[in-house]
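**Q**
2 protein chains.
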Amino acid sequence: MSSSGRAPLIVASNRGPLSIVAVDDGDDDVRRGGGGLVSGMQAALSAAPDAVWICAALNDRERAMARKCTSGRLSEVPAVAEALAGDFDVRMLPIDALTFRQSYNGIANSTLWFALHMLYEPARSPVFDQAWRRQWASYVRYNRAFADAIAAEAADGATVMVQDYHLLLAPRMLRELRPDVRIGHFTHTPWVPPEYFRMLPDDVVRDLLDGLLGAHLIGFHTDRWARHFADCCTELLGRAPGSRLEVFPLSTDADELHERAYERDVNRAVRGLRDTVGDRKVIGRVDRTELSKNVLRGLLAYRELLRTRPEWHDRVVHVVYNYPSREDLPEYREYTAAVERLAREIDDEFSTDDWTPLVLEIADDYPGSLATMRRSDVIFVNSVRDGMNLVVLEAIVLSERDPAVVLSRDAGAAETLGEDALLVNPFDVSETAAALHEALAMPEDERLVRAQRLRKKAVALPPAPWFRAQLDALARISG
Amino acid sequence: MSSSGRAPLIVASNRGPLSIVAVDDGDDDVRRGGGGLVSGMQAALSAAPDAVWICAALNDRERAMARKCTSGRLSEVPAVAEALAGDFDVRMLPIDALTFRQSYNGIANSTLWFALHMLYEPARSPVFDQAWRRQWASYVRYNRAFADAIAAEAADGATVMVQDYHLLLAPRMLRELRPDVRIGHFTHTPWVPPEYFRMLPDDVVRDLLDGLLGAHLIGFHTDRWARHFADCCTELLGRAPGSRLEVFPLSTDADELHERAYERDVNRAVRGLRDTVGDRKVIGRVDRTELSKNVLRGLLAYRELLRTRPEWHDRVVHVVYNYPSREDLPEYREYTAAVERLAREIDDEFSTDDWTPLVLEIADDYPGSLATMRRSDVIFVNSVRDGMNLVVLEAIVLSERDPAVVLSRDAGAAETLGEDALLVNPFDVSETAAALHEALAMPEDERLVRAQRLRKKAVALPPAPWFRAQLDALARISG
C-alpha cells in the first residue's frame, strides 16, 4: 500500500476542468472549463476540502506547466490558483506525448470508441497487430499513471470517481495499490453485447472487464448499457460482476443553459437565423462531426422527405450545426467530406431563389448552435449509437417552439424520453423521413403535451445531483 | 388451399442441381451440378418417386429454357431429361431478371449476407431507403414465386426442404398456402444476436423471423447460430420460436472428395506446386474472394510471422487459392485489389532468388485448389464469421501431411473441430501469426494425434446422412 495523501474526494478524467491556452514568458493563460458535466462535478469537489481533480496534460503547453509543479498540483502556478479560487486543486499528469497520443487516439478513440459504438468495419477494421500492441501498452501506461497519481493523492478511505473509457484499467490498478479507497467509475459511452466486445483480443477483453470491476460502483446512462456490460462479464469473464452496477441517466441543467443561451452573441445568431429561415419550420440538429452521430443518413432522410413530401418545399429549413472533432483521424475527415458533398447535392436538387432548404455549418460556433436549438420546431438526433446524447435534452430545454423530437432509439436518451419522442431505427432512412414528416405535421395540441413532458424528462437528473447520487450510492456500499 | 401436386419430397433453393451452359439452335448444353451438398440431397430425392427440386433460373438462357416448359418441369427438355436420368425432376423458376437481380444481389447478398456475417460498416452501411425498399419488394416476390411453385408441386402431406437465406420468407408463405405439408429450412450462414439483427427495418425483422418460423424444423450448423436465432425471436418478435430448432453440422464426403482429388488434372497441379515449394512447409488456404473469408488479415498475419520469426524464411510458402466470387459488387472488387496489393508488398519485402514466400492465385482453378489441400502442412482458415466452412474439413481430409489447422473461432467448423485445431480470434493478427508459428513448429507426435482426430471429425456428418437426419427429424414432428 502506498502512503496516503490528503484528498478525501478525487475525480479522475482524461480532460480536466482547466485548459492552458498559452504559455508566454511564464504568463499562462488559464481557462476554467465550462459545460454542465464539469460544473456539476465541481460543485461536489468544492464542498470537500482538499479535493483534487486529476487529469491528463493534453498538449505540450500543459505538459510543460505540469512538469513545473513540484508537488504535482497546479495550484502552485499563480494563474491557476487564481482561476481555481480555492475551490479544489488540479493535478495534471504530464504523460509523455507519444504515450498520450497512442493511448488517446490509438486505443481510446479508435479502438474502444469504435468497439463501444459498434462502428467497426469488420472486413477491414479492427486489426490487432504488433503496431496495435504498442498502442495498447501506452494505454496501460496511461492508466497506470492515473492509478499511481490517485494513490498518492488519496486520503485514507477516500472516494475516487473515475470517468469514462479512457480509464477502464485504472480502477483495478488503484484497488490493488489502495484497497482502502472507495472507487466509482462512470462510462459515458454505450456498452455492447459480448458477441461484439469479444472482437477485441482475449487478454484485452479480460483486462478491460476486470479493470473496470476494480471499481465498487460502476455507472452507466441506461439499463441497456449496464445489462450489456453484465453480459460481457458473465460470458467473457465467466463470472457475474461483483461490483455494483447502477444507472444514473445524466440530464441537463436548465438554469445554466438558459443563462448562456440568452447572452448577446446567441441573440445575434438567432436574428441571423431568422433572416435565413423566415417563418418556415426549422428541423435543427447540433452534433460533433463524429461518425456515431449519423449525419449522413440524417441528410439522406431529409432528402427523402423532400422527394416524397413536396408539400414541405419552401416551408422547411434543415439547420445542421457540426462542430469539428477528431480531425486527426482520417475516417473522420473523409466522413465530413461526404457530408459536405451530400449537402451540396441536396442544395442543387431543391434550392430556389427564395428558399435555402439546408443550412450546414461545420464550425466551432457555440452561439450558432444554441441559436439553432432555440429556433428548432423539430429536434433531430439519429445517432447510430450514443451513450446518452445530451444535445437532444439541451435542445428540448432551449427550443422556444414546443418542439417535436425525432430521436434514434439507440441513443441513451431514448430510454429517458421514451415515446414522447418519435423513435427511429437510425439505419432506416425511410422510417426516419416518415418521422420527420410526422414531427412537422404533428397537431399542435399533441405537440404541446409531448413537449411539456419532454421538458420535464430533459432535466430529471442534472449534473450536480447526478454526481451526488453516485457519491451517495458509493457511500452505501460497505467497503 | 391450393390443389395438391404429385411430389412427396421437394427441395427448394436459389441455385439448383443443373445449369444450362448454352442454348444453341435448340441444343441445350446441360451440366449436372456436383459438389458434396448437391449430391447429398440428390440421393434422397432419387429415392422418392416424383420428387422435385425447385430452383431459380439464374440467367437469360435458363429463363428461356424454363419458359419453354409448359408443365414447369425441365424434364420436358430432352437434354435435361437425359442429364437427370429419371432420378428426380427440376422446376426452374423463370423469375424476371430485375426481380431476380434485386432479390439476389440487393437483398440476399448485400443486405442479409452482410447482416448475418456482421459485415456492415455502420457509419455508412446499411442504408434502408426508398431504393432499398424496391429491392425488398423483389425479395418478397422472389419468395412468393417459390412458395407458389412449391404449393403447386407438393403432394398431400409432402415434405419440403427449403435452403438458406435467399428463402427466409417462403416457409411462412407456403405454410399459409399449404398447411398440410411439412416444412424444413436450413440456414447455411451464421445467425447473429438480436442487437445486430435489429439494424434491419422493424417490419423486415418481423417478416424474416416470422417467415422462417413458418417452417416446422429450422436447422443450423452450430448451437451458437441456433441460439442467436432463438434470441432474436424472443427479443425482437416477443415470443419463443414455436418451431423446432435443431443443429445439423454438415461435414464432408471423403470418398467423393478423394476420387476427384486424385484425377489427372489434380496430380499435374500437385507436381507443379512441388516445383514451386520444394520441400518447404506449405501453409495452404482456399477461399472464395469473399469479405467474410478475411484473406487480408490472413496475409497480415503471415507477414507478421515472417517479420517476427525469421527462422521460417526460406522454409515456408503460403499458398493462397482464391476463386472469384460476387465480382459484380464493388466492395468485393476493391477488397480483392487490396489483397493483391498486400501480396505484392509481402513479396517485395521477403522474396529472394531462391524463395517465393507467397503464391496467390485468384482464379477459378479447382484442380489447383485440391492440389493445395493435398500439399498443405498447415491449413489456414481465419473467416471473420462463417456458417460452417466446409473447405477446412475438405482440406483435413485431403492433406497428405498430417496437417495442423489454424482456424477462426468464429467459423462454424470451430464447434465441430474444437481444440484439435488452433483456434484464433480472426481480428487478432498477432495471435494468428503466433498460431501459424505454433502450427509450423508443432511436434510431430502431437500433430499426428491431432490430425487423426481432426480427420474423424471432418467426416462426421457427410451430406447424405446430414440431409437424411433432417428428413427424419421433420418426420418425428407431429404436424
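Sequence order for the protein chains is A and B. First residue of the first sequence? That's 365 in our numbering, and the numbers climb one at a time after it. First residue of the second sequence? That's 365 in our numbering, and the numbers climb one at a time after it. Every residue gets a Cβ at the ideal spot worked out from N, C-alpha and C, and that includes glycine.
1) So, using beta-carbon positions, are leucine 835 of chain B and alanine 408 of chain B closer together than 8 Å?
2) To the nearest angstrom, how far is it from the Cα of alanine 785 of chain A to the Cα of valine 770 of chain A?
3) Can you give the beta carbon distance from isoleucine 471 of chain B to tyrosine 503 of chain B, rounded, assuming they're within the 8 Å contact cut?
4) Tell me, please, whether the CB atom of aspartate 678 of chain B is closer than 8 Å to any CB atom in chain A?
5) Grouping DSSP H, G and I as helix and E and B as strand, with all else coil, what is alanine 493 of chain A?
6) Three-state secondary structure (DSSP) at leucine 422 of chain A?
7) Which residues, in chain order, does the stretch 699 to 710 of chain A contribute to contact with chain B at a C-beta distance below 9 Å?
8) Less than 8 Å between the C-beta atoms of valine 444 of chain B and valine 385 of chain B, yes or no?
9) Count the other CB atoms, across all protein chains shown, that sit within 10 Å of the CB of leucine 812 of chain B; report buried if there are 16 or more and exposed otherwise.
10) Give a yes or no on whether the minimum CB-CB distance between serine 794 of chain A and chain B is below 8 Å.
11) Mind checking arginine 632 of chain A: buried by the 16 CB within 10 Å criterion, or exposed?
12) Taking 7 Å as the cut-off, does the CB of threonine 553 of chain B come closer than this to any heavy atom belonging to the ligand GDP?
13) Please list, in chain order, the residues of the stretch 638 to 665 of chain B that have any C-beta partner in chain A closer than 9 Å.
14) My guess is that cysteine 419 of chain A and arginine 379 of chain A are in contact by the Cβ rule of under 8 Å, so how many angstroms apart are they, rounded?
15) Going by other Cβ atoms of all chains shown within 10 Å of its Cβ, with 16 needed for buried, is arginine 580 of chain B buried or exposed?
16) Could you give the DSSP three-state label for methionine 365 of chain A: helix, strand or coil?
17) At 7 Å on the CB atoms, spell out the chain A contacts of phenylalanine 492 of chain B, in chain order.
18) Just to confirm before moving on: does the CB-CB distance between glutamate 599 of chain A and proline 554 of chain A stay below 8 Å?
19) Determine whether the Cβ of arginine 697 of chain A lies closer than 8 Å to any Cβ atom of chain B.
20) Helix or strand or just coil, what does DSSP make of aspartate 750 of chain A?
21) Give the secondary structure of histidine 552 of chain A by DSSP, where H, G and I count as helix, E and B as strand, and everything else as coil.
22) Please name the residue or residues paired with tyrosine 685 of chain B in a DSSP beta bridge.
23) Does chain B have any CB closer than 8 Å to the CB of proline 557 of chain A?
24) Do leucine 818 of chain A and isoleucine 760 of chain A count as a contact pair if the criterion is CB distance below 8 Å?
25) Would you please state the rounded distance, in angstroms, between the beta carbons of proline 829 of chain A and leucine 401 of chain A? I believe it to be under 8 Å.
26) Under the three-state reduction of DSSP, which class applies to arginine 840 of chain A: helix, strand or coil?
27) Would a check of beta-carbon distances place leucine 483 of chain A closer than 8 Å to chain B?
28) DSSP has glutamine 845 of chain A in a bridge; who is on the other side?
29) Could you check which residue in B:Phe584, B:Pro605, B:Pro543, B:Arg765 has the C-alpha nearest to that of arginine 570 of chain B?
30) My assumption, with CB atoms under 8 Å, is that serine 715 of chain B sits in contact with serine 747 of chain B. Please give the rounded CB distance.
31) At 7 Å on the CB atoms, spell out the chain B contacts of glutamate 668 of chain A, in chain order.
32) So the beta strand (DSSP E) methionine 456 of chain B belongs to, where does it begin and stop?
33) Taking buried to mean at least 16 other C-beta atoms within 10 Å of its own C-beta, is glutamate 758 of chain A buried or exposed?
34) Please list, in chain order, the residues of the stretch 442 to 467 of chain B that have any C-beta partner in chain A closer than 7 Å.
35) Let me confirm a value: aspartate 617 of chain B is counted as buried when at least 16 other C-beta atoms fall within 10 Å, else exposed. Which label applies?
36) Checking the sheet assignment: what are the DSSP bridge partners for aspartate 792 of chain A?
**A** Reading off the structure:
1) Counting from 1 along the second sequence, the entry for residue 835 of chain B is found at position 471. Counting from 1 along the second sequence, the entry for residue 408 of chain B is found at position 44. Going by C-beta atoms, leucine 835 of chain B is nearer than 8 Å to alanine 408 of chain B.
2) Residue numbering aside, residue 785 of chain A sits at position 421 when the first sequence is read from its first letter. Residue numbering aside, residue 770 of chain A sits at position 406 when the first sequence is read from its first letter. Taking the straight line joining both Cα atoms gives about 6 Å.
3) Indexing the second sequence from 1 puts residue 471 of chain B at position 107. Indexing the second sequence from 1 puts residue 503 of chain B at position 139. So it is a contact: roughly 4 Å between Cβ atoms.
4) Position 314 of the second sequence holds residue 678 of chain B. No, because no Cβ of chain A sits closer than 8 Å to the Cβ of aspartate 678 of chain B.
5) Against the first sequence, residue 493 of chain A aligns to sequence position 129. Note that residue 493 of chain A is aspartate in the sequence shown, not alanine. In the structure shown, aspartate 493 of chain A sits in coil (DSSP, three-state: anything other than H, G, I, E or B).
6) Mapped onto the first sequence, residue 422 of chain A falls at position 58. Residue state, collapsed to three classes: coil.
7) Tyr699, Ala702
8) Here the question's residue 444 of chain B lines up with position 80 in the second sequence. Here the question's residue 385 of chain B lines up with position 21 in the second sequence. Cβ atoms of valine 444 of chain B and valine 385 of chain B: not closer than 8 Å.
9) In the second sequence, residue 812 of chain B corresponds to position 448, counting from 1. Exposed, since its Cβ has fewer than 16 Cβ neighbours within 10 Å.
10) Here residue 794 of chain A refers to the residue found at position 430 of the first sequence. Interface residue, yes.
11) As a working note, residue 632 of chain A is residue 268 in the first sequence. So arginine 632 of chain A ends up on the exposed side.
12) No copy of the ligand GDP occurs in the structure displayed, which carries no ligand at all.
13) Leu655, Ser656, Asn658, Leu660, Arg661, Leu664, Ala665
14) One-based indexing of the first sequence puts residue 419 of chain A at position 55. One-based indexing of the first sequence puts residue 379 of chain A at position 15. Right, the Cβ-Cβ distance comes to about 6 Å (below 8 Å), so this counts as a contact.
15) Mapped onto the second sequence, residue 580 of chain B falls at position 216. According to the sequence as given, residue 580 of chain B is histidine; it is not arginine. Label assigned to histidine 580 of chain B: buried.
16) By one-based count along the first sequence, residue 365 of chain A stands at place 1. The predicted model places methionine 365 of chain A with a pLDDT of 47, which falls under 50 and marks its position as unreliable; any figure quoted below should be read in that light. In the structure shown, methionine 365 of chain A sits in coil (DSSP, three-state: anything other than H, G, I, E or B).
17) By one-based count along the second sequence, residue 492 of chain B stands at place 128. Per Cβ cutoff of 7 Å: Phe791, Asp792, Val793, Ser794.
18) Numbered from its first residue, the first sequence carries residue 599 of chain A at position 235. Numbered from its first residue, the first sequence carries residue 554 of chain A at position 190. Not closer than 8 Å, so no.
19) Here the question's residue 697 of chain A lines up with position 333 in the first sequence. So, not an interface residue.
20) Within the first sequence, the letter at position 386 stands for residue 750 of chain A. Three-state DSSP puts aspartate 750 of chain A in a strand.
21) The residue you call residue 552 of chain A lines up with position 188 of the first sequence. Histidine 552 of chain A: coil per DSSP, three-state reduction.
22) Numbered from its first residue, the second sequence carries residue 685 of chain B at position 321. In the DSSP output, where bridge partners are listed per residue, tyrosine 685 of chain B has B:Val650, B:Glu725.
23) By 1-based counting over the first sequence, the position of residue 557 of chain A is 193. Cβ-Cβ to chain B under 8 Å: yes for proline 557 of chain A.
24) Position 396 of the first sequence, counting from 1, holds the residue named residue 760 of chain A. Position 454 of the first sequence, counting from 1, holds the residue named residue 818 of chain A. Yes, the Cβ-Cβ distance between isoleucine 760 of chain A and leucine 818 of chain A is below 8 Å.
25) The sequence position of residue 829 of chain A within the first sequence is 465, counting from 1. The sequence position of residue 401 of chain A within the first sequence is 37, counting from 1. With a Cβ gap of about 13 Å, proline 829 of chain A and leucine 401 of chain A do not count as contacting.
26) Walking along the first sequence from the start, residue 840 of chain A turns up at place 476. Note: arginine 840 of chain A maps to helix in three-state DSSP.
27) Taking the first residue of the first sequence as 1, we reach residue 483 of chain A at position 119. For leucine 483 of chain A, the answer is yes, since a Cβ of chain B falls inside 8 Å of its Cβ.
28) This structure leaves residue 845 of chain A out entirely; chain A is present only between 365 and 843.
29) Position 206 of the second sequence, counted from the start, is the residue given in the question as residue 570 of chain B. Among B:Phe584, B:Pro605, B:Pro543, B:Arg765, the Cα nearest to that of arginine 570 of chain B is on B:Pro605.
30) Numbered from 1 along the second sequence, position 351 holds the residue referred to as residue 715 of chain B. Numbered from 1 along the second sequence, position 383 holds the residue referred to as residue 747 of chain B. 27 Å between Cβ atoms; not a contact.
31) Against the first sequence, residue 668 of chain A aligns to sequence position 304. Within chain B, the residues near glutamate 668 of chain A are Asp493, Gln494.
32) Translated into positions along the second sequence, residue 456 of chain B becomes position 92. 453 to 457 is the span of the beta strand (DSSP E), which, as asked, contains methionine 456 of chain B.
33) For this step, residue 758 of chain A is matched to residue 394 along the first sequence. Buried, since its Cβ has 16 or more Cβ neighbours within 10 Å.
34) none
35) Here residue 617 of chain B refers to the residue found at position 253 of the second sequence. Buried, because 16 or more other Cβ atoms sit within 10 Å of the Cβ of aspartate 617 of chain B.
36) Numbered from 1 along the first sequence, position 428 holds the residue referred to as residue 792 of chain A. DSSP lists B:Phe492 as partners of aspartate 792 of chain A.
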